Amino acid sequence: MYLDDHLYFFITFVLDNLFILLKKWYKIKVLKRKSHLILSLFLYLLLLVGFPFAALTKEEDSVVYSAKELEHAVVNNKACKILAGHVMFTFQPSGMVLTADKAYQYDDTKQIEAWGNVKIMDKEGETIQADFLSYDLEKKLAVLEKNVVCLSKKAKFYTSKLIYHTETKQGEFFQNGKLVQDQLVLTSCTGAYNGAGHTVTFSKEVVLVDPSYRLHCDQLCYNTKQEIVYLEGPTKIIQEDSELTTEQGGTYSVPKKHLVFNHGTLTTKDVCLVADSLEVFDGKDCAATGHILLQSKAHDAVIVGEQATYIEKEKKAERTGHPLLTKVTGNETMYLRADTFIALEKPQKEKEKEGAKEGAKEQEIHALHNVRLYQESLQGMADGAVYNSGENTIHFHNKPIIWCSGYQITGEEVYLVIEEEEQVKMFVNKNLFMASADPVGNYNQVKGNKMVAHFKEGAVETMSVTGNGESLYFTLGDNNELIGMNHIKCDSMEMRMIENALERMEFKPEPVGIFYPAEKVEEELMQLPGFDWHGEQLPTKANILEDPVKPEVPIERSESEG
Numbered sequence: 001m002y003l004d005d006h007l008y009f010f011i012t013f014v015l016d017n018l019f020i021l022l023k024k025w026y027k028i029k030v031l032k033r034k035s036h037l038i039l040s041l042f043l044y045l046l047l048l049v050g051f052p053f054a055a056l057t058k059e060e061d062s063v064v065y066s067a068k069e070l071e072h073a074v075v076n077n078k079a080c081k082i083l084a085g086h087v088m089f090t091f092q093p094s095g096m097v098l099t100a101d102k103a104y105q106y107d108d109t110k111q112i113e114a115w116g117n118v119k120i121m122d123k124e125g126e127t128i129q130a131d132f133l134s135y136d137l138e139k140k141l142a143v144l145e146k147n148v149v150c151l152s153k154k155a156k157f158y159t160s161k162l163i164y165h166t167e168t169k170q171g172e173f174f175q176n177g178k179l180v181q182d183q184l185v186l187t188s189c190t191g192a193y194n195g196a197g198h199t200v201t202f203s204k205e206v207v208l209v210d211p212s213y214r215l216h217c218d219q220l221c222y223n224t225k226q227e228i229v230y231l232e233g234p235t236k237i238i239q240e241d242s243e244l245t246t247e248q249g250g251t252y253s254v255p256k257k258h259l260v261f262n263h264g265t266l267t268t269k270d271v272c273l274v275a276d277s278l279e280v281f282d283g284k285d286c287a288a289t290g291h292i293l294l295q296s297k298a299h300d301a302v303i304v305g306e307q308a309t310y311i312e313k314e315k316k317a318e319r320t321g322h323p324l325l326t327k328v329t330g331n332e333t334m335y336l337r338a339d340t341f342i343a344l345e346k347p348q349k350e351k352e353k354e355g356a357k358e359g360a361k362e363q364e365i366h367a368l369h370n371v372r373l374y375q376e377s378l379q380g381m382a383d384g385a386v387y388n389s390g391e392n393t394i395h396f397h398n399k400p401i402i403w404c405s406g407y408q409i410t411g412e413e414v415y416l417v418i419e420e421e422e423q424v425k426m427f428v429n430k431n432l433f434m435a436s437a438d439p440v441g442n443y444n445q446v447k448g449n450k451m452v453a454h455f456k457e458g459a460v461e462t463m464s465v466t467g468n469g470e471s472l473y474f475t476l477g478d479n480n481e482l483i484g485m486n487h488i489k490c491d492s493m494e495m496r497m498i499e500n501a502l503e504r505m506e507f508k509p510e511p512v513g514i515f516y517p518a519e520k521v522e523e524e525l526m527q528l529p530g531f532d533w534h535g536e537q538l539p540t541k542a543n544i545l546e547d548p549v550k551p552e553v554p555i556e557r558s559e560s561e562g
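Under the UniProt record's numbering, the first residue of the sequence shown is numbered 1, with each subsequent residue one higher.
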């Protein structure tokens, strides 16, 4: 039934006067109680059926209410109506509906208080539930308390108290809030609820829990319709085997599992990746842009660049945009530059060496095009190279050139094996050619099929050449005058170096040679077949580091190296 305070008293007044007129008309002094009740009920029902009423006369602010029971009383020194049983208020023109088990509507203050199964529903289907509500009709401000639940098509939001503006559909909570959508759970101490924009803003001790990760941040905004999380300020995402952090927030698409971090850092047991922009796809694949730094903790190596991608299924990472690899080797730092680095991850091969870590990951880093290497004791260049972290080797191919101890070394392929105790081995396979310039511009030369060189503490100790060995050496006097030239052919050669200078050279088994005195040294005899000098291409630390991208943090040394 529809009731109103003013209309109620008006109806009572009309009924009383109507009875007086009826008495006079029929000249009845006293009606029997039964007839009086029947007539009263008839007229009362007639008025109800014919006249549903609104509490406010203005159409734009009208409210219609109904309940099983209505009582007029004074509560807290205020006149009010007490409605009980299936209480319902309908507000126009918004179309909002308020239902409850019991409600007080105060006459003078335009306040409504409701208890038990309280619900606010808008015409779009958004619903807010609570145990108690206090509503200001003029301000259109609702305060919902105890077991507050905001229901949308995709998510549920829970809090103990919500201050809600029904006109703008915006609210604030200050006593913890929780949003649940499928398997995603968001919690915080305070925040804001926006029903119109389908968003909930979480602030202070924000935690997002997903089956595959846990997120902590200072503030975030979640769009329940688009299912996108907007992160603000310092953020940390913890996964089973990795951690993502940022100081400047980002976005996360829940359906696509697509994360974008501004100035993000990805940390795992083995590596640390820092980038201006860091994207993670499906919690596995990764893309980084801007200034990028990738640090391998296990191998004391750092790669910087401008772009990077990682594909989990292929265990493949690619780095472009002036990438530079920096690695600590003994007491030296090695710099490796290329157009592109491709890192392939694979299980480590079983080794017979004692101390090999079971299940350790092995990486191959392929350097493609314009490869340049700089180390104080060794420099190199090629069009391709491969660094194997498990074997700790660097393989140069496609026209490799190596410079060490004053020698220029070329061959089909060159391998560097980095061993413990600051020892390095170099292997040249097929078409070895070595050359070094003397003080007066002559070139000492050595040819052969293969060569093995041993380095210790950054200096060459020995060089061994095997297969079709041939050498050309110039002898100089005390004043660097030319004395003569030795041309020797043999099966193998052994060279011993002291402080990167040739101390002794042995030819095996039976060398064949000729000595040309200075006056008989002709120009066509001064170069062995295949000689080509590349001194102007010698990499320096300056021209490798002059690219715009440089390491921004120092390399972390392992404890064993101090």
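Cβ atoms here follow ideal geometry from the backbone N, Cα and C, with glycine treated the same way. Please read these numbers as outputs of a predicted model, since none were measured by experiment.
Residues near methionine 485 in its chain [Cβ-Cβ closer than 6 Å; skip 5 each side] | Phe474, Tyr516 and Val521
Taking buried to mean at least 16 other C-beta atoms within 10 Å of its own C-beta, is asparagine 442 buried or exposed?
-> buried
Taking just the CA atoms, how far does valine 260 sit from phenylalanine 396?
-> 36 Å
For isoleucine 342, I'd like the list of residues in its chain whose CB is within less than 6 Å of its CB, leaving aside the five on either flank, ordered along the chain.
-> Glu318 and His366
So, helix, strand or coil for glutamate 413, using DSSP?
-> strand
Is DSSP giving alanine 542 helix, strand or coil here?
-> helix
Does the separation of the CB atoms of aspartate 101 and glycine 116 fall below 7 Å?
-> yes
Whole-angstrom Cβ separation of valine 207 and threonine 224, contact assumed at under 8 Å?
-> Not a contact, Cβ separation roughly 17 Å.
What does a CB cutoff of less than 7 Å around glutamate 247 pick up in its chain, not counting 5 residues either side in sequence?
-> Pro234 and His263
Determine the contact status of glutamine 375 and methionine 426, defining contact as a CB-CB distance below 7 Å.
-> no
Applying the criterion that 16 or more other CB atoms from any shown protein chain within 10 Å of the CB defines a buried residue, is glutamate 69 buried or exposed?
-> exposed
For lysine 353, count neighbouring C-beta atoms within 10 Å of its own C-beta (all shown protein chains included) and say buried if the count is 16 or more, exposed if not.
-> Only weak support exists for where lysine 353 lies, its pLDDT of 44 falling under 50; the value from the coordinates is given anyway. Exposed, since its Cβ has fewer than 16 Cβ neighbours within 10 Å.
May I have the straight-line CA-CA distance separating methionine 505 from methionine 493, to the nearest angstrom?
-> 7 Å
For isoleucine 488 and phenylalanine 433, the rounded distance between their alpha carbons | 14 Å
Straight-line CA distance for phenylalanine 455 to leucine 184?
-> 57 Å
Can valine 148 and leucine 162 be called in contact, C-beta distance under 7 Å?
-> yes
Whole angstroms is fine: what's the gap from asparagine 449's alpha carbon to alanine 435's?
-> 15 Å
Going by beta carbon distance, what residues of the same chain come within less than 6 Å of isoleucine 237, once the five residues before and after it are set aside?
-> Tyr213, Leu215 and Leu244
For the beta strand (DSSP E) holding histidine 322, just list the boundary residues, first then last.
-> Counting along the chain, histidine 322 falls outside any beta strand (DSSP E), and DSSP gives it neither H nor E.
Just the Cα atoms here: how many angstroms apart are serine 502 and asparagine 398?
-> A small fix is needed here, since residue 502 is leucine in this sequence, not serine. Spanning the two alpha carbons is a distance of roughly 29 Å.
Which two residues bound the contiguous beta strand (DSSP E) that contains aspartate 131?
-> 127–136
Alpha carbon to alpha carbon, what distance is there between cysteine 217 and leucine 373?
-> 42 Å
Per-residue DSSP class, three states only, for glutamate 314 | coil
N-terminal and C-terminal residue of the beta strand (DSSP E) that proline 517 is part of | 512–517
Can you tell me whether DSSP reads leucine 48 as helix, strand or coil?
-> Per-residue confidence for leucine 48 stands at a pLDDT of 41, beneath the threshold of 50, marking its modelled position as unreliable; the derived number appears in the next sentence. Leucine 48: helix per DSSP, three-state reduction.
In chain order, each beta strand (DSSP E) run of at least 3 residues that lies wholly inside the segment 77–109 = 78–91 and 97–106
Please confirm if the segment 293–307 is in contact with the segment 320–334, defined as three or more CB-CB distances below 8 Å between the two stretches.
-> yes
Excluding the 5 residues preceding and the 5 following methionine 497 in the sequence, name in chain order all residues of the same chain whose CB lies nearer than 8 Å to its CB.
-> Ser405, Ala459, Val460, Glu461, Thr462, Met463 and Glu503
What is the DSSP secondary structure of tryptophan 25, counted as helix, strand or coil?
-> Summary for tryptophan 25: the model assigns pLDDT 47, below 50, so the residue's position carries little reliability; its value from the coordinates is reported in the next sentence. Three-state DSSP puts tryptophan 25 in a helix.
Under the DSSP definition of a beta bridge, which residues are partnered with glutamate 345?
-> Gln363
Would you list the residues sitting across from methionine 505 in a DSSP beta bridge?
-> Met495
Residue(s) in a DSSP beta bridge with tryptophan 115 | Lys102 and Phe132
Would a C-beta distance cut-off of 7 Å place threonine 251 and tyrosine 222 closer than the cut-off?
-> no
Can you grab the Cα-Cα spacing for the pair lysine 146 / histidine 72, in whole Å?
-> 27 Å
Test item: CB-CB of phenylalanine 157 and valine 87 under 7 Å = no
Please classify glutamate 124: does DSSP put it in a helix, a strand, or coil?
-> coil
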